[in-house]
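Numbering (full-length UniProt numbering), first residue to last: 1 to 348. The next block holds one structure in the form of structure tokens; read it before the comments.
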Amino acid sequence: MTVITLTILLFALGIGTTLTFVSSHWLLAWMGLEISTLAILPLMAQHHHPRAVEAATKYFLIQATAAAVLLFASTTNAWISGHWDIQQTSHPLPLTMITLALALKIGIAPLHSWQPEVLQGLGLNTGMILATWQKLAPFAILTQIQTPNSTLLITLGITSIFIGGWGGLNQTQLRKVLAYSSIAHLGWMVLVLQYSRSLALLALLLYIVMTYATFTLFNLQSVTSVKSLFALGAKNPILTALLPFLLLSLASLPPLTGFVAKLLILKELTKQGFAPTAALAILGTLLSAFFYVRLSVATALTLAPNTISSTAPWRLTPIRLIMPFSICTALAVALLPLTPALLALLTY
1 MTVITLTILL
11 FALGIGTTLT
21 FVSSHWLLAW
31 MGLEISTLAI
41 LPLMAQHHHP
51 RAVEAATKYF
61 LIQATAAAVL
71 LFASTTNAWI
81 SGHWDIQQTS
91 HPLPLTMITL
101 ALALKIGIAP
111 LHSWQPEVLQ
121 GLGLNTGMIL
131 ATWQKLAPFA
141 ILTQIQTPNS
151 TLLITLGITS
161 IFIGGWGGLN
171 QTQLRKVLAY
181 SSIAHLGWMV
191 LVLQYSRSLA
201 LLALLLYIVM
211 TYATFTLFNL
221 QSVTSVKSLF
231 ALGAKNPILT
241 ALLPFLLLSL
251 ASLPPLTGFV
261 AKLLILKELT
271 KQGFAPTAAL
281 AILGTLLSAF
291 FYVRLSVATA
301 LTLAPNTISS
311 TAPWRLTPIR
321 LIMPFSICTA
331 LAVALLPLTP
341 ALLALLTY
């Protein structure tokens, strides 16, 4: 793919997401979602590999189905209420359909089964875009609508947390592990969405920072499976030392950054009188924490089963995108002391 083509596709991807951000009309928001979908499809199939083409086809069919349901629900709402404003959508039937369509778009359980398979067929760069940037536009619409049935969001959130943790236990491919990690993190965001939108957005931003740093580290080392983590220490000891911190931050273990969002969400759920729901969410997170700890052990505490005969080069190859990776890694690991400042921003 040429540089001009790649620039045009990335520009269209940004334009589609921005159009959804700024629109208050259902048709404009729908157009932004479709522009983003059509822009990422050539990026997914650029390598002409059968797995990549299969992943792009699956993604197109799923996104087309969700877009059709979303357009039908917004049209039904306009027929019932007489307006197309997103924030004034109030009828329970269109709102429920819109919520389920957006859940299908971003991969919230039980509408999640496409995400691990699609992510496994993509390269690490395209997979990073799918796991981070493509979540923004549908989530922006979710924050604008007033879901009348809080039970629906709670059910989707708890189901995503448990399925995201349970599905990642026996995975041997890192992209599938990160796909189930995305499902589990989205469950936490959906849980608190109806009570604190700013807190849900904070959790989304922290998830994007941690996932970007993890994908970038895997891409720099060309690591795609769990067994390839065993020999990672011999290739680059510094990056190998950073990886357990990123994984444990995704597992939301203190004193790392991932613990911030979970702590604030648990506090908000308890304040709203949903202590049993918060307890279920904590139990589901234990499943996710297990496979993150397993990956950390495979990275830091396990040696390669064979002896490397080649010697280490005396001159290390330069790392691309070192500045964004360094910033995101620092934020993904050491943001917990800034929790009072984050709370002040949320209350403001």
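Each residue gets a CB set at the ideal place from its N, CA and C atoms; glycine is no exception. No experiment lies behind these values; they were computed from the predicted model shown.
Under 6 angstroms Cβ to Cβ from L71, same chain only, skipping five residues before and after it: list those, please. The beta carbon of L71 is closer than 6 angstroms to those of W30 in its chain, skipping five residues each way along the sequence.
Extract the residue ranges of the alpha helix (DSSP H) inside the stretch 140-200, only unbroken runs of 4 or more that lie entirely within it. Within the stretch 140-200, the runs of alpha helix (DSSP H) at least 4 residues long that lie entirely inside it are, in chain order, 150-167, 174-193.
Using a Cβ-Cβ cutoff of less than 7 angstroms, which residues in the same chain neighbour T299 once the five nearest sequence positions on both sides are dropped? L229, L232, T240, L243, P244
Hey, out of Q134, L336, A330, whose CA is closest to L264's CA? L336
Under 9 angstroms between C-beta atoms of R175 and L122: yes
Secondary structure of S74, DSSP reduced to three states: helix
How would you call F259, buried or exposed, if buried means at least 16 neighbouring beta carbons within 10 angstroms? buried
Name the DSSP beta bridge partners of H25, please? D85
Considering Cα atoms alone, identify which of D85, A103, I80 is closest to L93. I80
Using a Cβ-Cβ cut-off of 6 angstroms (strictly less than) and excluding sequence neighbours within five positions of Q144, which residues of its own chain qualify? I86, Q87
Please list, in chain order, all residues of the same chain as A179 whose beta carbon is under 6 angstroms from its beta carbon, the five residues on each side excluded. Q115, P116, L119
Is the beta carbon of A200 closer than 9 angstroms to that of L139? A quick correction: the sequence has Phe, not Leu, at residue 139. Yes, the Cβ-Cβ distance between F139 and A200 is below 9 angstroms.
Quick one: grab the DSSP three-state call for S225. strand
Close Cβ partners of Q146 (< 8 angstroms) along its chain, the five nearest in sequence each way excluded: Q87, T89, S90, L95
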